[in-house]
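A short worksheet on the structure shown next.
Residue numbers (the numbering used here): 19 to 1086.
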């Protein structure tokens, strides 16, 4: 298994390394970065990159980048006229990274007075925002290839010192040598700056802001300009087209403009009057964004204009065509509306054939769309042409990373077909997502794919950009590799990046096994064949593809290996591009004898991907489509040897516990009983047979070591599964022994259950005998034993005279009890109750009871008194203090002076000699109960101890005792098991009792001392007797040597000999 882990780690590393290189085909590592050339002298941001266009002159095969900087200053004007932030257009060389200002209009601020009218024409470029919008024709057709740029804040009228922001646009034919820009001023008619309706005056062309958007349709003879401020900000879309267009107003209308325009191209303009629009209202800002497409037919171009504040600020988009007359309503084909108030639906538009049906589909941005708790996330929606049956919205909107204030969808463009799969793609900008972001979405037959395929962010570039994605160019193939390239504006930092596109390859492969099935028995070899195909548009003629084969994929114990004894093999294949022939390779595979599960085929997996070619430039190295599956599997079946595909199995088993009395278990006596299970098979082979054992808490299980077993829950350990012999064939049994941990059982436990199940793959003929329940019968065995003791068996009081006793010092004594629990069963709770005579029946306090001392398992346990409270023991360690209070109230200490004690005598009225009993069965006293609860008695023998001091008040006792009889004081204790489950069988004694007595007697019964003269006489008598005994032994010769030897010989069972030796009579 260690080898398996290492191989998986290597494979994971290869896949991770490969994933780092997958960023799809807009390659940031080969980008060209352009910056504003006059940043050092500009002042505030020039917004360089607010609009961008990639240009290709198909006539002379040159290309360049056009960049709008609407807040840039300029020094190109005649007479060195100083104009503040007129805006500028820059032309950047794609062979380097240099940008130069492109002269659009160097006339400066000029004025043409009108002597016959109060209006004057004033060409005022201050803050004109030249470069605020920009577009270009991607192809050379109709003898032209045109770029257009607008200044939507250009002011060109003075009326009573009021300037009107009419807007201006310029166009230039890039295909003509030395071409210059042509100026378009569609809203300078002084008669239309304002209009009066119902005695109310409105701005008409005044503040029309022509050039807020500009777009070139597929028809090279036309372009459209958005003017969202026309007619009190209703807005309109202006159409420019060649002058040979059939003009219903004749030559007269064109002559009005001959003093402005002399060129034939785009000479005629159509400015639809918004006052005739039925679908646009005040402040809708129609024309904020414009586009065009063949939405309904391949033969007709229609136009789309966004009104982001239309539909009561929900936003609106109209798909329409122009009519012949300015004072007519537009011919509206389709109207779309936003779904959320203020989402700015329609502020960005683009069109492309994203589903490949030959018609254009419409994409509409809503950059201020919000999600719950995430404001201004931004989104865009797509409307598919549906094969000419109208534009229909796709159900799900599109998002970037759903970031707060990102305004995803601020810019939209179709770069064309980025991966050359036949479907146009869409790119969306989110310039306020951090420092900005750009997302690429790929087209497909069902529409735009929901998940973006690539995300570009400023972090991918150096220097770090800001406002990245505010503008996007059309796609143009500037490096001639057959794929469109793209320019992206980053206006806050003043940068533009040109992204080149790598070729896209499509990989396909399949994996086959010969033979397709293997037998269950024995070791089998087979051939595994890999075949690959490599295709794409303008890709390298051949490429190396890395292949990784994984045998028995996803199996923790692979059942097949290559000749190298490994189950993973990696190799490279060189494959020719766009070849009709597959490139194949075969490998020999050995299938192991232990195939584990015949119903689980052996899955062989192939993963493959392109290998980087270091000999090719990065931009020429192909990539594959994101989301493209580069894997293939084949399944090798296992033949089981059963009559039918599903085996007919018949499993039975026996299960028993190794207990002496059937299923009875004495709690605490056997903590690890063993469950033995024997499993038999009576039918066809049972594959993957298993045995499952489950127990009720507090029982747990221990894993057997004889089989492959595992817990279902490692923390709980109440159920386990064991793999039996695979397959389990008819005949001999498989035996498993499972130890059951019963150490947590207590006297509170109920009888737990044990369940055993067996199963195998196939159709079970008798499922009823595959399960068994065992009810474990628990027996609790314990004995409670109680021993009591009085530390002072007798205490005395002193007679003063015939009828009085000395009550100066009250007698004290200690009662102790020891509770024993014997037996194997742990006990949860034991109650210890001690009844103690405390008061007399008439209410006098007979005994002072002091707090008890307790111990159980080296810790104290708690007790409480049923009535009253414990007395305070002021003595030292429970003994009477040496200091006695004297008459003057001072405490006597350990002085050598004899302490002065005030004697106290009390009268004893009864003169008899009978002993008085003070116990809880006597009517003379009232008892208090000392109650203790002792928890968690472990198995085996354990004990708990309690002792308490008492002091008898002789003044009270004197009223009840006889003068000569004294008293007996008794406490009684009982110990009782409380936690025992009533459902358990019990063996032993649940309750133990004992009584402790102390004798309180007059000192007349105390034993007297022996007089001294008696002791002296006893000593003298003993010495005399010892002397007489020694004399007798002397006279008998005991101390002579021969006598001593004789005695020693007798002790050793030997007799003396004449030869000074000894002999044993038994051997003579």
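Built from N, CA and C at the ideal position, the CB exists for glycine as well.
May I ask which residues mark the beginning and end of the beta strand (DSSP E) holding residue 922? What you label residue 922 is simply residue 904 of the chain shown in a count that begins at 1. First-last for residue 922: undefined, no H or E at that position.
In angstroms, rounded to a whole number, what distance separates the CA positions of residue 158 and residue 339? Indexing the chain shown from 1 puts residue 158 at position 140. Indexing the chain shown from 1 puts residue 339 at position 321. Roughly 25 Å separates the two Cα atoms.
C-alpha distance - residue 428 paired with residue 444, whole-angstrom precision: What you label residue 428 is simply residue 410 of the chain shown in a count that begins at 1. What you label residue 444 is simply residue 426 of the chain shown in a count that begins at 1. So the two alpha carbons sit approximately 13 Å from each other.
Taking residue 421 as the reference, give the member of 393, 447, 701 with the closest Cα. For the purposes of this step, residue 421 is taken as the residue at position 403 of the chain shown. For the residues 393, 447, 701, the minimum Cα distance to residue 421 belongs to 393.
Where does the unbroken alpha helix (DSSP H) through residue 57 begin, and where does it stop? Against the chain shown, residue 57 aligns to sequence position 39. Element bounds for residue 57: 57-60.
Should the stretch 780-795 be called in touch with the stretch 661-681, which here means at least 3 C-beta pairs below 8 Å? yes
Give the DSSP-derived three-state secondary structure of residue 225 in the structure shown. The residue given as residue 225 occupies position 207 in the chain shown. The answer is coil: DSSP assigns residue 225 none of H, G, I, E or B.
Going by DSSP in three states, residue 375 sits in which element: helix, strand or coil? By 1-based counting over the chain shown, the position of residue 375 is 357. Correct three-state label for residue 375: coil.
Taking buried to mean at least 16 other C-beta atoms within 10 Å of its own C-beta, is residue 342 buried or exposed? To locate residue 342, count along the chain shown from 1; it is residue 324. Exposed, by the Cβ-count rule.
Does DSSP put residue 331 in a helix, a strand or coil? For this step, residue 331 is matched to residue 313 along the chain shown. Here residue 331 sits in helix by DSSP.
From residue 202 to residue 148, what does the alpha carbon distance come to, in whole angstroms? Residue mapping note: residue 202 aligns to position 184 of the chain shown, counting from 1. Residue mapping note: residue 148 aligns to position 130 of the chain shown, counting from 1. Rounded to whole angstroms, residue 202 to residue 148 spans 13 Å at the Cα level.
Output the distance between the C-alpha atoms of residue 956 and residue 682, rounded to the nearest integer angstrom. If you number the chain shown from 1, residue 956 lands on position 938. If you number the chain shown from 1, residue 682 lands on position 664. Cα to Cα, residue 956 sits roughly 20 Å from residue 682.
Inter-residue Cα distance where the pair is residue 524 and residue 563: For the purposes of this step, residue 524 is identified with residue 506 of the chain shown, where counting begins at 1. For the purposes of this step, residue 563 is identified with residue 545 of the chain shown, where counting begins at 1. Between residue 524 and residue 563, the C-alpha separation is close to 12 Å.
What is the rounded straight-line gap between the Cα of residue 522 and the Cα of residue 641? Translated into the one-based positions of the chain shown, residue 522 becomes position 504. Translated into the one-based positions of the chain shown, residue 641 becomes position 623. If I take the Cα positions, the gap works out to 5 Å.
For residue 575, which of helix, strand or coil comes out of DSSP? One-based indexing of the chain shown puts residue 575 at position 557. DSSP places residue 575 in coil when its eight states are reduced to three.
Environment of residue 592 [buried if 16+ CB atoms lie within 10 Å]: The residue labelled residue 592 in the question sits at position 574 within the chain shown. With fewer than 16 other Cβ atoms within 10 Å, it is exposed.
Mind reading off the beta-carbon distance from residue 1012 to residue 991? Whole number of angstroms is fine, and I expect it under 8 Å. On the chain shown, residue 1012 is found 994 positions in, with the first residue counted as 1. On the chain shown, residue 991 is found 973 positions in, with the first residue counted as 1. With a Cβ gap of about 6 Å, residue 1012 and residue 991 count as contacting.
Looking only at its chain, what residues have a beta carbon closer than 7 Å to the beta carbon of residue 933, apart from the 5 residues adjacent to it on each side? Reading the chain shown from its first residue, position 915 is the one you call residue 933. Result list for residue 933: 983, 984, 985, 986, in chain order.
Bounding residues of the alpha helix (DSSP H) (the contiguous stretch that carries residue 1033): Here residue 1033 corresponds to residue number 1015 of the chain shown, with the count starting at 1. Element bounds for residue 1033: 1030-1053.
Would you check if the distance between the CB atom of residue 4 and the CB atom of residue 298 is smaller than 7 Å? What is shown of the chain runs 19 to 1086, which leaves residue 4 out entirely.
Quick one: what's got a C-beta closer than 6 Å to residue 478's C-beta in the same chain, skipping five residues either side? Locating residue 478 in the chain shown gives position 460, where the first residue counts as 1. Within the same chain, residue 478 has close Cβ partners 46.
Considering residue 928, what are the terminal residues of the beta strand (DSSP E) in which it resides? As a first step, residue 928 must be located in the chain shown, where it is residue number 910. Run containing residue 928: none; DSSP gives neither H nor E here.
Going by DSSP, name the residue or residues bridged to residue 397. Translated into positions along the chain shown, residue 397 becomes position 379. Paired residues: 384.
Among 1038, 188, 213, 260, whose alpha-carbon lies nearest the alpha-carbon of residue 240? The residue labelled residue 240 in the question sits at position 222 within the chain shown. Checked all of 1038, 188, 213, 260; the closest Cα to residue 240 is 260.
Continuous beta strand (DSSP E) stretch holding residue 248: start and end: The sequence position of residue 248 within the chain shown is 230, counting from 1. Where residue 248 is concerned, there is no enclosing beta strand (DSSP E), although the alpha helix (DSSP H) it sits in stretches over 248-251.
Range of the contiguous beta strand (DSSP E) that encloses residue 551: Taking the first residue of the chain shown as 1, we reach residue 551 at position 533. Per DSSP, residue 551 belongs to the beta strand (DSSP E) from 542-554.
In chain order, which continuous runs of the beta strand (DSSP E) of length 3 or greater are located wholly inside the stretch 390-451? 397-402, 429-434, 443-447
Could you check the C-alpha separation between residue 550 and residue 624 for me, to the nearest Å? On the chain shown, position 532 is the one that residue 550 refers to. On the chain shown, position 606 is the one that residue 624 refers to. Their Cα atoms are separated by approximately 11 Å.
When you compare the CB positions of residue 212 and residue 224, do they come within less than 7 Å of one another, or not? One-based indexing of the chain shown puts residue 212 at position 194. One-based indexing of the chain shown puts residue 224 at position 206. Contact: yes.
Just the Cα atoms here: how many angstroms apart are residue 1087 and residue 684? A question about residue 1087 goes unanswered here, because the residues of the chain that appear run from 19 up to 1086.
Give a yes or no on contact between the stretch 62-80 and the stretch 123-131, applying the rule of three or more CB pairs nearer than 8 Å. no
Rounding to the nearest angstrom, what Cα-Cα distance links residue 400 and residue 153 in this structure? Along the chain shown, one-based indexing puts residue 400 at 382. Along the chain shown, one-based indexing puts residue 153 at 135. Those two C-alpha atoms are separated by around 22 Å.
How would you label residue 183, buried or exposed, when you count the other beta carbons within 10 angstroms and need 16 or more for buried? Position 165 of the chain shown, counting from 1, holds the residue named residue 183. That one is buried.
I need the straight-line Cα distance from residue 835 to residue 868, nearest angstrom please. Walking along the chain shown from the start, residue 835 turns up at place 817. Walking along the chain shown from the start, residue 868 turns up at place 850. Those two C-alpha atoms are separated by around 15 Å.
Among 423, 424, 416, which residue has its Cα nearest to the Cα of residue 460? Here residue 460 is taken as the residue at index 442 of the chain shown, counted from 1. Selected option, being the one with the closest Cα: 416.
Proximity to residue 533 [Cα-Cα], best of 605, 302, 675: Residue 533 sits at position 515 when you count from the first residue of the chain shown. The shortest Cα separation from residue 533 among 605, 302, 675 belongs to 605.
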